[in-house]
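Q: Residue numbers for the sequence shown follow the working numbering, beginning at 607 and rising by one.
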Amino acid sequence: MRIRSILRAGALAAAAAILAGCAGQTTRNTPIEVFPDMDRQPKYRPQRPSEFFADGRASRAPVAGTVARGQLKLDDAFYTGVAGNQYVGRNPLPINSELLKLGQTRFNTFCSPCHDRTGQGKGIVGQRAMWLPTNLQEDRVRQMNDGEIFTIITEGRRSMPSYRFQIAGRDRWAIIAYVRALQRTTGSLDDVPRELRAGVR
Ligand code: HEC
Numbered sequence: 607m608r609i610r611s612i613l614r615a616g617a618l619a620a621a622a623a624i625l626a627g628c629a630g631q632t633t634r635n636t637p638i639e640v641f642p643d644m645d646r647q648p649k650y651r652p653q654r655p656s657e658f659f660a661d662g663r664a665s666r667a668p669v670a671g672t673v674a675r676g677q678l679k680l681d682d683a684f685y686t687g688v689a690g691n692q693y694v695g696r697n698p699l700p701i702n703s704e705l706l707k708l709g710q711t712r713f714n715t716f717c718s719p720c721h722d723r724t725g726q727g728k729g730i731v732g733q734r735a736m737w738l739p740t741n742l743q744e745d746r747v748r749q750m751n752d753g754e755i756f757t758i759i760t761e762g763r764r765s766m767p768s769y770r771f772q773i774a775g776r777d778r779w780a781i782i783a784y785v786r787a788l789q790r791t792t793g794s795l796d797d798v799p800r801e802l803r804a805g806v807r
């Protein structure tokens with residue numbers, strides 16, 4: 607009986623000690639590693655050096671001539687905005703409110719710092735620096751094909767940097783749909799369907 611209660615007290619004390627180790631308090635003692643193989647795994651972290659590979663990098667390049675699943679970008683028109691040697695005329699994605707909402711969040715994140723939320727080019731960057739982003743409501747931009755704007759986002763143009771790596775292809779088309787919607791916010795009464803004109807002030 608006595609032995610059993612001593613054992614029980616011991617087990618309780620051990621459990622308390624383990625729990626205390628998880629309490630998140632700071633200590634100068636070396637932590638107890640109950641499962642050292644979980645704390646110290648033989649693995650590489652991204653962008654770290656490696657002595658194993660000849661080029662000294664842990665991150666490996668894709669094997670030449672292969673493409674990762676879901677990364678095959680055969681559709682040139684969709685991923686470059688250019689078909690043959692001409693800009694794609696129209697957005698290849700179906701224009702609906704879901705696409706416009708996506709375009710709105712992406713535009714507000716990536717374009718508005720320079721072009722501002724209405725697209726008129728009065729974003730915070732231009733206010734602080736001697737740098738003039740284009741007014742996207744301008745006639746010249748209205749006349750551009752959708753594929754040309756896609757190319758501008760992808761490659762950059764003159765002083766505008768490229769957003770190829772920040773914005774995925776589908777999101778670029780969504781942004782273009784939203785830019786087209788912004789361009790209509792300064793339209794005329796002719797843009798409003800006839801039956802709704804009475805309500806416009
Ligand atoms: C870092 C600031 C900056 C950001 C962010 C930016 N732009 Fe620009 N953009 C510019 C500047 C500056 C110009 C004017 C380039 C010039 O004429 O030198 C410009 C020009 C343009 C033009 C007109 C190009 C022409 O031929 O005149 C379009 C269209 C455009 N931007 C679209 C976008 C879209 C869409 C985004 C978001 C994906 C975006 N920009 C993000 C700075 C920016």
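Heads up, the beta-carbon is just placed ideally off N, CA and C, and yes, glycines get one too.
Report the residue ranges of all beta strand (DSSP E) runs contained in full by the segment 666 to 745; include only those spanning at least 3 residues, in chain order.
A: none
Q: Counting Cβ pairs, one atom from each stretch, are 3 or more of them under 8 angstroms apart for the segment 733 to 746 and the segment 715 to 724?
A: Contact between the segment 733 to 746 and the segment 715 to 724 is present, with at least three C-beta pairs closer than 8 angstroms.
Q: Kindly list the residues whose CB is nearer than 6 angstroms to the CB of alanine 683, restricted to its own chain and excluding five residues on each side of it in sequence; keep chain order.
A: Residue numbering aside, residue 683 sits at position 77 when the sequence shown is read from its first letter. The residues are Ala689 and Val694.
Q: Methionine 766 bridges to which residues according to DSSP?
A: Taking the sequence shown and counting its residues from 1, the one referred to as residue 766 is at position 160. For methionine 766, which the question treats as bridged, DSSP gives the partners Arg763.
Q: Report whether the distance from the Cβ of tyrosine 769 to the nearest heavy atom of the ligand HEC is below 7 angstroms.
A: Along the sequence shown, read from residue 1 onward, the residue named residue 769 stands at position 163. At least one heavy atom of the ligand HEC is nearer than 7 angstroms to the Cβ of tyrosine 769, so yes.
Q: Considering glycine 775, what are the terminal residues of the alpha helix (DSSP H) in which it resides?
A: Position 169 of the sequence shown, counted from the start, is the residue given in the question as residue 775. First-last of the alpha helix (DSSP H) with glycine 775: 775 to 790.
Q: Is it right to say arginine 778 is buried, meaning 16 or more other beta carbons lie within 10 angstroms of its own, or is it exposed?
A: Looking up residue 778 in the sequence shown gives position 172. So arginine 778 counts as buried.
Q: Return the residue from the list Gln726, Thr760, Arg776 and Trp737 that minimises the CA-CA distance to arginine 790.
A: The count along the sequence shown starts at 1 and reaches residue 790 at position 184. With distances taken between Cα atoms, arginine 790 lies closest to Gln726.
Q: Output the distance between the C-alpha atoms of leucine 802 and alanine 787, rounded to the nearest integer angstrom.
A: As a working note, residue 802 is residue 196 in the sequence shown. As a working note, residue 787 is residue 181 in the sequence shown. Cα to Cα, the separation comes out at about 18 angstroms.
Q: Express the C-alpha separation of proline 648 and arginine 614 in angstroms, rounding to a whole number.
A: Here the question's residue 614 lines up with position 8 in the sequence shown. Here the question's residue 648 lines up with position 42 in the sequence shown. One C-alpha to the other measures close to 38 angstroms.
Q: Decide yes or no for the touch test of the segment 691 to 710 against the segment 747 to 767: beta carbon pairs closer than 8 angstroms, at least 3 of them.
A: yes
Q: So which of Met736, Arg776, Pro799 and Leu618 has the shortest CA-CA distance to threonine 760?
A: One-based indexing of the sequence shown puts residue 760 at position 154. Residue Arg776 is the option with its Cα nearest to threonine 760.
Q: When the Cα atoms are used, what is the spatial distance from proline 767 to isoleucine 758?
A: As a position in the sequence shown, residue 767 is number 161, starting the count at 1. As a position in the sequence shown, residue 758 is number 152, starting the count at 1. Each residue's Cα considered, the two are about 9 angstroms apart.
Q: With distances taken between CB atoms, is the gap from alanine 783 to leucine 705 smaller than 8 angstroms?
A: Here the question's residue 783 lines up with position 177 in the sequence shown. Here the question's residue 705 lines up with position 99 in the sequence shown. In this structure, leucine 705 lies closer than 8 angstroms to alanine 783 by Cβ.
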